[in-house]
Amino acid sequence: MTSPPPRVRVAAYVIRRHPSPALLVFDQPAFPEAGTQVPAGGVAPGEDPERAVLREVAEETGLRGARVVRRIAVDGRPHPETGQPRLTTYLLLDAPPDGPAEWEHRVRGDGGDAGMRFVCRFAPLPLAYPLADAQDAHLRRVDPRWAASGEAAGRPDEACPLS
3 MTSPPPRVRV
13 AAYVIRRHPS
23 PALLVFDQPA
33 FPEAGTQVPA
43 GGVAPGEDPE
53 RAVLREVAEE
63 TGLRGARVVR
73 RIAVDGRPHP
83 ETGQPRLTTY
93 LLLDAPPDGP
103 AEWEHRVRGD
113 GGDAGMRFVC
123 RFAPLPLAYP
133 LADAQDAHLR
143 RVDPRWAASG
153 EAAGRPDEAC
163 PLS
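Under my numbering, the letters of the sequence shown match residues 3 to 165, in that order.
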């Protein structure tokens, strides 16, 4: 029996550089067990990762004006709950220079999270704690000082760097 093809996804490291480096993250008040996350989601057929990541950032956080800098890694870890295969491209983005440090946003789009309320913020780097689903695993590829405090050296790193 063949396994299903992986779900193709993107994840965004949106960095605000001033006054000091910070990462765009969000929490879901209705589902606190989901943990703190970065914007991420599926890639539509024929959509390139750069376009998909900008769409996901806008849908999940309302943030517009971010600029894609580069691809960081392709991560092949399966979904933590279902075990289904996924292939996630992590991308580095620069945040627009102005805007709030914290805000609430209702998710737009037609995905499973449509209508959910997300509390968004720029978390100082390095992070004080790891993100849900090990989404912080590739921050060290952007800047080694940005690994979450307490990040385990033995954490699975099934990723292909793109730098």
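Using N, Cα and C, we set each Cβ at its ideal position, and we do this for glycine too.
Would DSSP call residue i helix, strand or coil?
{"i": "G156", "result": "Unreliable positioning characterises G156 in this predicted model, as indicated by a pLDDT of 37, which lies under 50. The coordinate reading is nonetheless provided below. G156: coil per DSSP, three-state reduction."}
{"i": "P126", "result": "strand"}
{"i": "D77", "result": "strand"}
{"i": "A13", "result": "strand"}
{"i": "R53", "result": "helix"}
From which residue to which residue does the beta strand (DSSP E) around residue i run?
{"i": "R142", "result": "Element bounds for R142: not the beta strand (DSSP E) but the alpha helix (DSSP H), L141 to V144."}
{"i": "T91", "result": "R88 to D96"}
{"i": "E106", "result": "E104 to R108"}
{"i": "R234", "result": "In the structure displayed, the chain extends from 3 to 165; residue 234 sits before or after that span and is not available."}
{"i": "V1", "result": "Beyond the ends of the chain as shown, which are 3 and 165, falls residue 1; an answer cannot be given."}
{"i": "G43", "result": "A42 to G44"}
Compute every distance between the C-beta of residue i and the non-hydrogen atoms of the ligand MG, then say whether any falls below 6 Å.
{"i": "Y15", "result": "As far as ligands go, the structure on display features none, and thus does not contain the ligand MG."}
For residue i, is the classification buried or exposed, using 16 other Cβ atoms within 10 angstroms of its Cβ as the cut-off for buried?
{"i": "H140", "result": "buried"}
{"i": "A14", "result": "buried"}
Can you name the start and end residues of the alpha helix (DSSP H) that residue i belongs to?
{"i": "L133", "result": "Element bounds for L133: n/a, residue is neither H nor E."}
Tell me, to the nearest whole angstrom, how far the beta carbon of residue i is from that of residue j; I am working on the premise that it is less than 8 Å.
{"i": "V10", "j": "G44", "result": "7 Å"}
Note to self: When you compare the region 60-72 with the region 94-106, are there three or more beta-carbon pairs, one atom per stretch, that lie closer than 8 Å?
What the structure shows: yes
Check: Does the region 25-32 come close enough to the region 76-86 that 3 or more CB-CB pairs lie under 8 Å?
Finding: no
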